[in-house]
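Novice: For reference, the structure I am asking about is given below.
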Amino acid sequence: MMHGIEDEGGPAQAMALEVAMVSHSYGQKKALDAVSFSLPAGSFTVLLGLNGAGKTTLFSLVSHLYDTRQGSIRVFGRDIRREPGEALRRLGIVFQARTLDLDLSVGQNLAYHAALHGMGRRDAMVRIRELLAQVDMADRLHDKARNLSGGQMRRVEIVRALLHRPSLLLLDEATVGLDIRSRADILATIRALVAQTGLSVFWATHLIDEVDQADDVVILDKGCVLVAGAVADVVRQAGARDIGGAFAGLTSGASRSELSVAAVAAIGESRDLAARCEVDAAAPLVGAAR
């Protein structure tokens, strides 16, 4: 189980990602506020939040695109600030924006990226063919990137992120702009990789239907983690029927007021964080009214 809801004990589990008291601001605007959670190795964890919740900012900090000035981030025990090389070596990432060179073939795009990781040409081609086969793209090696569908481009970007054999894969809104079938195919591909290879995955989305009952989930709202844990535990402790109801209850002021006293008590510290976020968000409005 993920850090955030009490575990029942047992042997310590290796953590793929540990985020502790991380805050980040853009000028006077706070994008993340004392965010803390951890991801067990080999898990598929969904970072669930509405657009603007802070998901991309968090990913930018975890991938060291932004410097972590408040709090700490560890990737398999390696501090992202103190040991960036070691931490990033364990990390693969697929951002929301597509970044393939449309004038190059699939193979050329991937070979170029492999070279950046210091892979030899022969080893790189073996790895490229292996991964393309895993994502059902083996016959697209020589196709120009511009001739691929949106779903196929995303698969190539996933292959690119896996070339150097990372242990943790981050995907930021990886299915945005894709049709329903392509979304389902991408999710199925990633879940299969987790099951077959033990890869750890952190999947950011605003879409409830991308969360599976067997997943772990981190709910992020207005820069704060409201709750983190196994989906079944989050649903039960929120007093909801499903993850959609739990998410709505935790992130909607109107729905939140209707939660039972028992559910509020069960959420505990996570509810306190949510309340603090609401106070922070309302402060500028109160000042303006005065």
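Position one of the sequence shown corresponds to residue 22 (the numbering used here), numbered consecutively onward.
The beta-carbon is built from N, C-alpha and C at its ideal position, and this holds for glycine as well.
No experiment lies behind these values; they were computed from the predicted model shown.
Go through its chain and collect everything with a Cβ distance to residue 57's Cβ below 7 Å, but skip five positions before and after it.
Specialist: Correct list, in chain order: 40, 41, 42 and 246.
Novice: Return the chain-ordered list of same chain residues with a C-beta closer than 6 Å to the C-beta of residue 35, the five sequence neighbours on each side being excluded.
Specialist: 62
Novice: Just to confirm my understanding: we take residue 89, look at its own chain, exclude 5 residues before and 5 after, and list those with CB closer than 7 Å. What are they?
Specialist: Excluding positions up to five away in sequence, the list reads 43, 82, 101 and 102.
Novice: Measure the Cβ-Cβ separation of residue 93 and residue 114 and say whether it is below 8 Å.
Specialist: no
Novice: Does the region 187-194 come into contact with the region 213-229, if we say contact requires no fewer than three beta-carbon pairs (one atom in each stretch) closer than 8 Å?
Specialist: yes
Novice: Taking residue 119 and residue 194 to be in contact with their CB atoms under 8 Å, please state how far apart those CB atoms are, rounded to whole angstroms.
Specialist: No, residue 119 and residue 194 are not in contact; Cβ-Cβ is about 11 Å, not under 8 Å.
Novice: From which residue to which residue does the beta strand (DSSP E) around residue 134 run?
Specialist: It is not in any beta strand (DSSP E) - residue 134 instead sits in the alpha helix (DSSP H) that spans 127-137.
Novice: For residue 116, tell me which candidate among 166, 97, 181 and 106 has the shortest Cα-Cα distance.
Specialist: 181
Novice: Evaluate contact between the region 239-253 and the region 264-274, counting only Cβ atoms and requiring at least three cross-stretch pairs below 8 Å.
Specialist: yes
Novice: Using a Cβ-Cβ cutoff of less than 6 Å, which residues in the same chain neighbour residue 199 once the five nearest sequence positions on both sides are dropped?
Specialist: 171 and 172
Novice: Distance check for residue 78 and residue 104, CA to CA, integer angstroms please.
Specialist: 20 Å
Novice: On a Cα-Cα basis, can you pick out the residue from 239, 75 and 111 that is closest to residue 51?
Specialist: A check of alpha carbon separations from residue 51 across 239, 75 and 111 identifies 75 as the nearest.
Novice: Give me the residue from 221, 139 and 163 with the minimum Cα distance to residue 150.
Specialist: 163
Novice: Output needed for residue 267: all residues of its chain with C-beta closer than 7 Å, excluding positions within five of it in sequence on either side, in chain order.
Specialist: 255, 256, 259 and 261
Novice: For residue 237, which residues in the same chain have their Cβ closer than 8 Å to its Cβ, ignoring the five residues on either side in sequence?
Specialist: 22, 23, 60, 61, 64, 65, 66, 67, 249, 250, 251 and 252
Novice: Relative to the C-alpha of residue 70, which candidate in 234, 131, 263 and 228 has its C-alpha closest?
Specialist: Nearest C-alpha to residue 70: 228.
Novice: Which complete beta strand (DSSP E) runs does the region 41-117 hold, if anything under 3 residues is left out?
Specialist: 50-61, 65-69, 91-96 and 112-115
Novice: Could you name the residues that DSSP lists as bridge partners for residue 250?
Specialist: 238
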